[in-house]
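Numbering (this note's numbering), first residue to last: 6 to 973.
All residues carry an ideal CB built from backbone N, CA and C; glycine is no exception.
For reference, the structure is listed below as structure tokens.
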Amino acid sequence: MERYAHISFPFPIIFSCFFFFTIFFIHGLLASSSQLNQTQVEIMRNLSKTLNSLTGSNSEWNTTNPDPCSWERVTCSPQSSPDAAVTQLSFSGLGLSTTKNSSFSTLLFDLICGLNTLEHLDLSLNSITTLPESFFADCVGLSGLKSLNLSYNGLDGALGNFSNFAGLETLDLSFNHLTGPVHNQFDSLSRLKSLNLSSNRMVGTVQSLLGGGKVLTLEELVLSSNNFSGNIPNSVSEYANLTLLDLSQNSFNGSLPNGFGEFPKLETLLLSSNNLVGDIPASLSGIATLSRFAANENQFSGTIPGGLTKYMRILDLSYNHLGGEIPSDLLSPPSLESVDLTGNHLEGAIPANLSQGLYRLRLGGNLLNGTIPEAIGLLSGLKYLELEGNKLDSGIPSQIGDCENLTLLNLADNRLRGGIPKELGNLRQLVELELQMNNLSGGIPNEIFQLSSLSTLNLSRNSFSGEISSEISGLKKLTNLDLNDNMFFGSIPSSINNLNNLIELQLGNNNLSGTVPPMPSSLTIALNLSSNLFGGSIPSYLGSLSELEVLDLSHNNFSGEVPNSLTKLQSLTLLVLSYNRLSGVLPQFPPYVNVITNGNVDLIGTNDGTGTVTKKKRSSLMIIILAIIGAFLGLGLIAAVLLYVFSKRFYRVEDEGIEISENPPQIVDGCFVTSNSIHRSAIDFSKAMEAVSDPRNVTLKTRFCTYYKAAMPNGTSYSVKKLNWSDKSVPSGTHEKFGQELESLGRLSSSNVMVPLAYVLTEDSAYLFYENAHEGTLFEFLHRSKENILDWSSRYSIALGVAQGLTFLHGCAQPVLLLDLSTLTIHLKSTTEPQVGDIELCKVIDPSKSTGSLSTVAGSVGYIPPEYAYTMRLTMSGNVYSFGVILLELLTGKPPVSEGVELAKWALSYSTRRDQREQILDPRVSKASLGVRSQMLSVLKVALACVNLSPEARPKMRHVLSMLFNAK
């Protein structure tokens with residue numbers, strides 16, 4: 006090693022090498038910092054300035070690096086090359102808005118049009134309301150663009166021609182407010198593979214859209230939730246490359262062409278919610294690629310063709326007029342997973358040959374008879390079995406107990422006889438067991454009490470007997486227990502107090518006796534012990550059920566005084582004590598509690614004017630009360646279902662006809678609802694009609710309404726909402742009744758409810774006046790505005806405010822139910838002051854015009870409770886489900902539907918493991934502090950309870966509000 010010590014290098018040589026290396030290194034850095042040509046660099050810098058100045062923040066798009074190819078949301082190709090060029094821009098959800106600066110739209114698209122190498126452009130989930138004419142006429146630089154996504158923006162007006170975009174392969178314009186006919190706008194797109202126009206207000210026919218036959222490359226065509234009409238032409242079969250055809254939720258009529266069997270590649274065919282008639286084409290069975298076919302909610306008749314499901318995975322023909330027997334081979338193909346034939350006129354037996362791949366089988370609401378096939382026991386993957394509302398007259402096969410993944414078993418309203426097989430105790434995943442309204446008998450097997458996941462157990466209106474076993478405490482998750490109208494005897498087991506999740510207990514019309522044991526404090530909906538043989542004093546500990554709303558002790562042998570503790574039931578609305586042996590002085594109950602005491606001759610303070618109820622073994626007061634409530638709900642249902650004519654789909658916004666009118670609408674009648682002198686002096690009806698005739702004053706469109714901003718002569722602005730009148734949604738010729746309904750709503754006093762100040766009636770419309778909600782809708786704040794991310798304090802205040810508004814509406818003497826509860830119908834006076842809107846829809850609908858099914862009209866996609874698809878009832882629990890989705894939006898920051906997946910379903914799937922629940926929360930908010938995260942997790946529990954798949958398991962809004970307050 007010594008020899009190396011004598012080697013030396015001259016300093017000038019070392020310095021020179023270092024100098025040249027440094028120059029080379031710096032040159033390389035400079036070269037790599039600018040991969041784009043100068044033109045594209047300038048365009049990108051200008052684009053950055055424009056977007057960041059408009060959104061008010063560059064936190065969503067970091068452009069500090071001098072190389073645009075390194076920016077987020079920008080993709081260049083080829084990577085790290087001097088020849089790189091911008092090929093992809095993704096500005097989805099960036100908060101871009103053209104509503105405050107109309108010139109921005111032109112500037113934005115002019116800059117984008119200069120990027121002649123661009124292949125993919127995503128501008129979805131913003132508030133770009135207009136597409137400038139220059140984008141269609143002069144944007145020749147984007148001829149190489151392959152995909153364009155403008156969905157979820159609120160784009161208005163008619164479509165221009167896409168002739169300058171000949172390279173487009175994917176075009177998504179869904180969830181906007183586009184109007185007008187579709188004819189030849191897409192004829193030049195000879196390479197187009199995917200076209201999505203869903204959820205707009207476009208009109209026309211399939212023939213006008215495809216009549217040119219110049220876009221034969223189409224693989225996906227989605228036209229759902231528009232105003233398209235007419236027949237489906239035979240020429241549609243010319244599009245041989247189609248894999249997805251979605252024509253659902255429009256107004257198509259006529260019968261299906263025979264050519265529907267000529268699609269060699271079709272995988273998904275959706276025709277739901279139209280006016281289609283005639284037979285289901287047998288030719289569909291010849292499409293070997295067809296895996297999903299949905300034609301529910303139409304008027305198809307005839308029989309179901311044999312072999313239809315030969316290649317299918319999913320079939321939905323529910324709510325049509327199909328008759329005859331179910332083909333013997335319909336349920337047998339091995340690839341079949343889900344079949345829904347609910348609500349038809351099918352008769353005969355259920356086929357015994359069943360696919361072992363089935364996870365859902367829904368045959369309810371038909372005329373099926375005979376036995377339940379024992380082969381059902383072979384369906385190891387079956388999760389949902391719904392056979393309710395038929396004429397099945399066999400016993401329940403024990404083989405059902407082999408379906409170990411079953412979560413819902415609904416055999417209600419049949420003629421089933423015999424007992425409950427003990428093998429049903431093997432269904433450890435079962436959440437809901439509905440056996441009511443049959444001829445079943447015997448006792449409840451103890452094995453049933455081992456169903457640890459069971460939430461709802463309904464055995465009412467049968468002939469069950471025996472004692473209620475103390476083993477019932479094994480149903481740890483039980484929320485609703487209904488044993489009404491049976492022949493159970495003996496005492497109620499004390500172990501019932503261990504059911505800590507129970508919110509409803511129905512034991513009326515049995516032969517139960519003894520004393521009433523302590524009940525779980527979780528009871529909120531009802532405790533019904535009517536028409537039994539209970540005696541002795543009414544237990545004072547019933548007064549500890551602070552959340553209980555209905556208590557029925559009628560038609561028993563209770564004696565002594567009514568305990569004062571019952572007056573402490575803070576949530577109580579109905580107390581039924583009639584036909585007992587009570588004595589003494591009736592305690593003073595709050596005025597909002599309806600106390601019924603008939604038939605207690607020694608009870609002082611009894612009100613004999615409350616009505617007389619005679620005791621019958623099989624008819625309790627609770628049944629009568631429920632029947633009355635059901636009648637009112639039925640009337641509400643008839644009213645709600647009319648909206649089938651008003652909006653023939655889940656979330657479609659009708660064509661409001663907002664083109665500029667030559668003259669303002671002619672006022673037929675105009676009245677004030679408010680007594681506030683400031684509003685009465687400020688509102689000018691004529692001036693408001695001038696405002697609504699100009700589409701530039703539109704501020705919001707929801708499913709059923711259009712909102713306008715109307716400036717009054719004194720400078721005050723009001724929000725004017727237009728309701729559809731022309732299609733008889735509002736009862737023509739009943740102006741007086743209409744006014745009375747609105748005046749009753751105007752008297753509602755809640756700061757969290759949007760109440761009308763005045764209304765105007767015209768020949769074909771109705772207009773309602775409200776105070777301006779200055780901050781817009783909650784949807785806009787959560788999903789479109791990126792200027793300010795709502796902090797948790799604001800979100801929590803909004804959640805409380807909406808809950809208070811809903812609790813108020815549900816607590817009215819005549820409860821106000823909401824047809825459409827979503828973040829689009831929640832208006833913000835400030836970031837902490839929400840108001841629930843669209844409260845009048847259920848009050849102003851003409852019930853004589855109702856057709857269709859409730860699921861077609863009630864709610865927006867993502868907010869619709871699953872039971873609305875078949876219950877035909879607008880309910881409080883349905884509103885609770887929609888509110889739960891709103892809570893989830895506040896917690897996650899996600900829209901109600903994302904990439905085809907509903908937010909509620911996504912959250913429920915994550916919530917099965919507690920260690921995953923934090924992943925549901927919006928990280929931009931939850932990471933603020935441990936306290937915030939803890940409170941968000943508490944509110945998440947409330948949200949998950951609200952979106953429970955079982956409507957009976959959902960809490961009442963009063964209880965929801967209480968839980969939210971406790972989360973603080």
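For A90, the enclosing beta strand (DSSP E) covers residues A90 to S95. The way I'd put it, the stretch 920–937 doesn't touch the stretch 407–421; fewer than three beta-carbon pairs between them come closer than 8 angstroms. A check of alpha carbon separations from N166 across G146, Y157 and V187 identifies V187 as the nearest. Here C710 has K726, K727, L728 and D843 as same chain residues with Cβ atoms under 7 angstroms from its own Cβ, once five neighbours each way along the sequence are excluded.
Using a Cβ distance threshold of 8 angstroms, D607 and S576 do not count as a contacting pair. A direct Cα-Cα distance of roughly 20 angstroms separates Y324 from L341.
The straight-line gap separating the alpha-carbon atoms of N279 and N255 is approximately 5 angstroms. Between the C-alpha atoms of S770 and I672 there is a straight-line separation of about 10 angstroms.
Within the DSSP secondary-structure output, K961 pairs in no beta bridge.
Across the set L574, N599, P595 and G548, the C-alpha of N599 shows the shortest separation from the C-alpha of S583.
Counting other Cβ atoms within 10 Å of its Cβ, S360 reaches 16 or more and is therefore classed as buried. Sequence-distant Cβ neighbours of L571 in its own chain, meaning closer than 6 angstroms and more than five residues away, are G548.
Around F180, the same chain offers S156, Y157 and S204 as residues with beta carbons nearer than 6 angstroms, after the five sequence neighbours per side are excluded. DSSP, read as helix, strand or coil, puts H350 in strand. In the DSSP annotation of this structure, the continuous segment of the beta strand (DSSP E) that includes I601 starts and ends at N599 to I601. Counted as a single uninterrupted DSSP element, the stretch harbouring C817 is not any alpha helix (DSSP H), since DSSP gives it neither H nor E. Following the DSSP letters along the chain, one finds L892 inside the alpha helix (DSSP H) bounded by residues M881 to T897.
For the set N561, S542, L556 and S551, the Cα lying nearest the Cα of P568 is the one of S542.
Judged by DSSP in its simplified three-state form, L384 adopts coil rather than helix or strand. Note that the stretch 376–384 does not touch the stretch 345–352; fewer than 3 beta-carbon pairs, one per stretch, sit closer than 8 angstroms.
Cα atoms of T520 and E472: separation of roughly 14 angstroms, rounded to the nearest angstrom.
DSSP places S337 outside both helix and strand once states are collapsed to three, so it counts as coil.
Taking 3 residues as the minimum length, the beta strand (DSSP E) runs contained wholly in the stretch 243–279 are 249–251, 256–259 and 273–275, in order along the chain.
Within the same chain, A417, N463, S465 and R466 come within 6 angstroms of Q441 by CB-CB distance, once the 5 residues on both sides are set aside. The three-state reading of DSSP puts F690 in helix, counting H, G and I together. The stretch 298–305 makes contact with the stretch 315–324, as at least three CB pairs between them are under 8 angstroms. Counting C-beta pairs closer than 8 angstroms gives fewer than three between the stretch 755–774 and the stretch 791–804, which falls short of the contact rule.
Rounded to whole angstroms, S75 and F140 show a C-alpha spacing of 27 angstroms. The Cβ atoms of L822 and N884 sit closer than 8 angstroms to each other. Rounded to whole angstroms, the gap between the alpha carbons of E554 and G386 is 39 angstroms.
Per DSSP, the beta bridge partners of C710 are L728. Pairing F191 with V208 gives a Cβ-Cβ distance that is not under 8 angstroms. Just measuring C-alpha positions, the residue of R963, S914 and G329 sitting nearest G307 is G329. Cβ-Cβ separation between F268 and S242: approximately 6 angstroms, consistent with a contact (criterion under 8 angstroms). Counting the other CB atoms within 10 Å of its CB gives R685 a total below 16, which places it among the exposed residues.
Distance between Q404 and R422, taken at the CA atoms: about 16 angstroms.
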